[in-house]
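What follows is a set of notes on a single structure, which appears directly below.
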Amino acid sequence: MSARGKARRRALDILFESELRGEDPLKILAERVERQEPPVNEYTSAIVEGVARHRPRIDELITTYAEGWTLDRMPAVDRNLLRGGTYELLWMPGVPEGVVISEWVHLAGELSTDESPQFVNGLLARFKQLKPSLTL
Numbered sequence: 000m001s002a003r004g005k006a007r008r009r010a011l012d013i014l015f016e017s018e019l020r021g022e023d024p025l026k027i028l029a030e031r032v033e034r035q036e037p038p039v040n041e042y043t044s045a046i047v048e049g050v051a052r053h054r055p056r057i058d059e060l061i062t063t064y065a066e067g068w069t070l071d072r073m074p075a076v077d078r079n080l081l082r083g084g085t086y087e088l089l090w091m092p093g094v095p096e097g098v099v100i101s102e103w104v105h106l107a108g109e110l111s112t113d114e115s116p117q118f119v120n121g122l123l124a125r126f127k128q129l130k131p132s133l134t135l
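Listed below in structure tokens is the structure:
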């Protein structure tokens, strides 16, 4: 796994944990940075901070375009995969869009249901297609 792949995985871990604990992801991030077990790199921090900053808009986009699914009905892992992937895709322009989608789909395949990779791929691909028209 690439360095950014590991960073994405750690960001997902933090986002998922914060949801399960009902705590601010920035608090969980700060705890991880302080402990450094495992080390938290800048890319992980950028994703978690970005998701926290843009979460209302990210959740609105996911809710709008996830046909037949509400946020509450999605597995928690999928919700947070989509949050991380959506943030990286829409607000981190220096990263190739195809790589972003591929990496988050790969994580879905490792960590979620058999249907999750296709679901994550479809939604992130839709955001890539709509990106020029989405108001960020």
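Numbering of the sequence shown is given in numbering that gives the first Met the number 0, commencing with residue 0 and proceeding in unit increments. Idealized CB from N, CA, C, for every residue including glycine. The structure displayed is predicted, hence computed values, not measured ones.
For Pro-24, the closest alpha carbon among the candidates Arg-8, Gln-128, Asn-40, Ser-44 is that of Ser-44.
In this structure, Val-119 is the residue among Val-99, Gly-97, Val-119 with its C-alpha nearest to the C-alpha of Ala-107.
Taken through DSSP and simplified to helix, strand or coil, Gln-35 comes out as coil.
In the three-state scheme derived from DSSP, where H, G and I count as helix and E and B as strand, Thr-69 is classed as coil. Counted as a single uninterrupted DSSP element, the alpha helix (DSSP H) harbouring Pro-116 occupies residues 115-129. Burial check for Glu-102: the Cβ neighbour count within 10 Å reaches 16 or more, so the residue is buried. Val-104 is classed as buried because its beta carbon has at least 16 other beta carbons within 10 Å across all chains shown. Exposed is the label assigned to Glu-41, since fewer than 16 other Cβ atoms lie within 10 Å of its Cβ.
Comparing C-alpha distances from Ala-51 to each of Thr-112, Lys-26, Leu-110, Gly-121 shows the shortest one belongs to Lys-26.
DSSP, read as helix, strand or coil, puts Ser-1 in coil. Linking Arg-82 to Gly-121 through their CA atoms gives a straight-line distance of about 14 Å.
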